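Residue numbers for the sequence shown follow the working numbering, so the first one is 965 and each next one is one higher. Even for Gly, the Cβ is constructed at its ideal location relative to N, Cα and C. Here the structure is a predicted model, which is why all the values come from computation and not from measurement. What follows is one structure encoded as structure tokens, with my remarks underneath.
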Amino acid sequence: MNWPRADRQGPGRGHAFDAHAAEGEHERAPAGRLASVRFQLLSWLRLPPAQHVWILFICAIVGSFFVHEIGHCAVAWVRGLPAIPTPAKEYLLRPVPPAVQAQVALGGILGTVAVLAAAVGFVQSNPTTARSAALGGALTAPGFYTLRFLLAGRGHDATEFQEAQAALGLSYSGHAVDWLFVALFVVSAVFWCWRVGLRRLTRRLAGRLIGGALTALVVVVVLQSVNNALFDPLFER
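Shown next, in the form of structure tokens:
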């Protein structure tokens, strides 16, 4: 994903190993499994910078969702309740009172907001390609919440947003959290455009942004499906 004002460098520059160092390291590596693993690592380090950015973008998506689930579980832990965070779902291992459940829901919202704030801060300090990709990953959850709110009238398919609103003393049936994520998404996107000096949207950049959105959609669907298949049988009540 090529973002404006990237820290573009020539082939092989900016990597931990250059080609000659990698070859020398491989020659000195012992034979067997260790040599194979080291060779694969060095091969990854020699990937074109554009591929590194896509990998970082995907990792930022997964990481932002994981922090969201950790936010849920952190509240449960403070309350002395056993909970296990996984990359796309939190598992509460004991029945939770409604009042605590509302606080647990709010913890996930705060986790997502914290990730987005951190990504915005990184871009503000130095708007490199890598940091722009990380911000794109952090914007994925708010972006999907916004899209679902506009299409279906509610940003989350469960009652998480309503419970979070109740924890804040707001109307359970209102849309305060929905509008919060709409505002965060729009403001963060406008901030990114301003910080990287984007003056107009070219067809090339529009195509890459659409490609990023489709990639994010695939990552989220696959992450949710794999996560549920692996962990539901272990932790679902």
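Apart from the 5 residues on each side of it in sequence, Val-1039 sits with its Cβ closer than 6 Å to the Cβ of Gln-1067, Val-1068 and Gly-1071 in its chain, given in chain order. When Ser-1096, Ala-1130 and Leu-1178 are compared, the shortest CA-CA separation from Val-1154 is found for Ser-1096. In this structure the segment 1047 to 1056 does not touch the segment 1128 to 1147; the number of beta carbon pairs closer than 8 Å is below three. Thr-1050 is bridged by DSSP to Lys-1053.
Contact between the segment 1084 to 1095 and the segment 1023 to 1037 is absent, with fewer than three C-beta pairs closer than 8 Å.
Its Cα nearest to that of Leu-1111, the residue Phe-1145 stands out among Phe-1145, Phe-1199, Leu-1057 and Gly-1171. Between Val-1183 and Ile-1022 the beta-carbon gap is near 6 Å, inside 8 Å, which marks them as a contact. Of all alpha-carbon atoms in Ala-1063, Gly-1035, His-1036 and Val-1026, the one lying nearest the alpha-carbon of Leu-1099 is that of Val-1026.
Closest in C-alpha terms to Gln-1015, from the list Leu-1187, Gly-1176, Pro-1059 and Arg-1164, comes Gly-1176. Taking 8 Å as the cut-off, the beta carbon of Leu-1080 is found closer than this to the beta carbon of Pro-1106. With a beta-carbon spacing of about 24 Å, Ala-1180 and Thr-1123 fall beyond the 8 Å limit used to define contacts. The three-state reading of DSSP puts Gly-1161 in coil, since its state is none of H, G, I, E or B.
Rounded to whole angstroms, the separation of the alpha carbons of Ala-1063 and Arg-1043 is 11 Å. Taking the C-beta atoms as reference points, Trp-1156 is found nearer than 8 Å to Val-1087. Just so you know, the alpha carbons of Asp-1196 and Thr-1166 end up roughly 44 Å apart.
Around the Cβ of Tyr-1136, a 10 Å sphere holds fewer than 16 other Cβ atoms; the residue is exposed. The straight-line gap separating the alpha-carbon atoms of Val-1151 and Gly-1035 is approximately 23 Å.
As the crow flies, the alpha-carbon of Asp-1121 is around 31 Å from that of Leu-1169.
For Leu-1132, there is no enclosing alpha helix (DSSP H), since its DSSP letter is neither H nor E. For Val-1184, the uninterrupted alpha helix (DSSP H) run begins and ends at 1167 to 1199, by DSSP.
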